[in-house]
Amino acid sequence: MTLVYFAWVRQKVGTGEERIDLPPGVATVQALIAHLEKRGGGYADVFGNPQRLRAAVNQEHAGLDAAISGTDEVAFFPPVTGG
Amino acid sequence: MNMHIRIQNEDFDVNDELEALASESSNVGALASFVGLVRDDDKLTSLTLEHYPGMTGREIESHVAEASKRWPLLGVTIIHRVGTLVPGDRIVLVAVASSHRGAAFEACEFLMDYLKTRAPFWKREDRGGQSAWIEARASDEKAADRWK
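Chains as they are written, first to last, in the numbering used here: chain A, 1 to 83; chain B, 1001 to 1148.
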């Protein structure tokens, strides 16, 4: 799957985009957040506080319980501040 | 309904955009527009905007589609700039054409509230070498909630 990051999420994890193999049993955005937190470092910092995060699955806003699969593009970012 | 959505680094000419939108239909009796500018807050050096290119256009299109279900619109132009801007620069234009003013005013406000709370843009402020991402404001969420 492709993971993309924006704003301070991108800065803290240190990349704007990466590909990972979705581990067995990780089937929702929430489970993916818990998986990414275990990577430690900047990931633990970002994904250890999921209330500060927003997500999109395949470029549409998605909640924590949204289902994900190995071919999805999942984005993590702070609440938006455009306009 | 005519829909024009552009995400760009370059500035835009408000008059040109309004005239273009008005000329697309003979029934335009009302043209409402909003222009957002970079404020000179606390010695701001620059404001840098990034967005999610794959998502932004479609997200804004869905807001325009929703607006056109709620109001009888003839045309909408939304231009949002990205990249580095300085105080006084234009950031965003929302322009709405309709036959009557009520629909134009309301749809313009609706679209702006949704741009603020749903469109995937993020702003970073730079002040004399210090960078900080702008935090989302609860008041913007509240403004968008009234359309639900």
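Heads up, the beta-carbon is just placed ideally off N, CA and C, and yes, glycines get one too.
Inspect the beta-carbon positions of residue i and residue j and report whether they are closer than 7 angstroms.
i: residue 1131/B; j: residue 1074/B; result: no
i: residue 1100/B; j: residue 1030/B; result: yes
i: residue 1104/B; j: residue 1028/B; result: no
i: residue 1147/B; j: residue 1110/B; result: yes
i: residue 1143/B; j: residue 1113/B; result: yes
i: residue 78/A; j: residue 27/A; result: no
i: residue 40/A; j: residue 13/A; result: no
Given a threshold of 16 other Cβ atoms within 10 Å of its Cβ, counted over all protein chains shown, does residue i qualify as buried or as exposed?
i: residue 1059/B; result: buried
i: residue 1040/B; result: exposed
i: residue 36/A; result: buried
Roughly how far, in whole angstroms, is the beta-carbon of residue i from the beta-carbon of residue j, given that I think they are within contact range, below 8 angstroms?
i: residue 1070/B; j: residue 80/A; result: The pair is not a contact, with the Cβ atoms about 22 angstroms apart (cut-off 8 angstroms).
i: residue 1077/B; j: residue 1004/B; result: 4 angstroms
i: residue 1033/B; j: residue 1093/B; result: 7 angstroms
i: residue 73/A; j: residue 4/A; result: 6 angstroms
For residue i, list the residues DSSP reports as bridge partners.
i: residue 1034/B; result: 1094/B
i: residue 1006/B; result: 1079/B
i: residue 30/A; result: Answer is none; residue 30/A lacks a bridge partner.
i: residue 1048/B; result: 1084/B, 1124/B
i: residue 18/A; result: 3/A
i: residue 1073/B; result: 1098/B
i: residue 74/A; result: 3/A, 57/A
i: residue 1131/B; result: 1126/B
i: residue 62/A; result: 55/A
Closest Cβ-Cβ distance between residue i and chain C: below 7 angstroms?
i: residue 83/A; result: Among the chains of the structure shown, chain C does not appear; the protein chains present are A and B.
Check your understanding: When the Cβ atoms of the stretch 1003-1019 of chain B are set against those of the stretch 1081-1091 of chain B, are three or more pairs found closer than 8 angstroms?
Key -> yes
Check your understanding: Are there three or more Cβ pairs, one per stretch, closer than 8 angstroms when the stretch 1120-1133 of chain B is compared with the stretch 1044-1058 of chain B?
Key -> yes
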